[in-house]
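Student: Residue numbering for the sequence shown follows the working numbering, beginning at 21 and increasing consecutively. Idealized CB from N, CA, C, for every residue including glycine.
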Amino acid sequence: MTETNFQKELKFVTDVVSALSEQMGQSRLSVITFSDQATLAISFSVYSTKSDFVQKVLNLPWIGGNTYTDKALEMMYKQFDRFREVGRRPVGVVITDGGSTDPFRTQSVIKKVKEKGITMFAIGKHKCSYKPISIHLQ
């Protein structure tokens, strides 16, 4: 992914957050960036307003590399375990520019995500392998 396309993805995330903010109520958001490694870029507890969150998203640095989706999903379900609250429904969204570098490991982690009751959505951008995405949505 180019840095230009990464900026477009960040803009997409902020547009979705802005569009849904009225319906989200007390929802909390977090961002994990990933390539060769997964990084918790924005924790559930870091921001206090929608504008703070949007600003943090727009300032995320571009990192090149591979697409280790499994590492991001693993970090995601660990974050949900850490911050899980009764009455809150965990939902994860993966935005990716391609198929996972390690699709077999990704499928293994997806099974764990499902077992934890996390509803997943995946958005593929550009030339993506749709096999892992179809697994996310089953």
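Pull up the distance between the alpha-carbon of Thr22 and that of Ser47, whole angstroms please.
Tutor: Looking at the two C-alpha atoms, the distance is approximately 31 angstroms.
Student: So Phe100 is in the alpha helix (DSSP H); what residue range does that whole segment cover?
Tutor: That run of the alpha helix (DSSP H) goes 89-103.
Student: Which of the three DSSP states is assigned to Phe73 in this structure?
Tutor: The answer is helix: DSSP assigns Phe73 an H, G or I state.
Student: Helix, strand or coil for Val114 per DSSP?
Tutor: Note: Val114 maps to strand in three-state DSSP.
Student: May I ask you to report which of helix, strand or coil DSSP gives His156?
Tutor: With a pLDDT of only 36 at His156, under 50, the local geometry of the prediction cannot be trusted, and no value is derived from it.
Student: Using the rule of at least 16 other Cβ atoms within 10 Å of the residue's Cβ for burial, across every protein chain shown, is Phe100 buried or exposed?
Tutor: Answer is buried; the Cβ neighbour count reaches 16.
Student: Okay, do the region 100-114 and the region 130-141 touch, 3+ Cβ pairs below 8 angstroms being the bar?
Tutor: With the cut-off at 8 angstroms, the region 100-114 and the region 130-141 touch.
Student: Within 8 angstroms, do at least three Cβ pairs link the region 69-88 to the region 21-39?
Tutor: Judged by Cβ distances under 8 angstroms, the region 21-39 makes contact with the region 69-88, as three or more pairs qualify.
Student: Just checking my contact of Leu93 with Thr126 at CB under 8 angstroms: how many whole Å lie between their CB atoms?
Tutor: 7 angstroms between Cβ atoms; contact.
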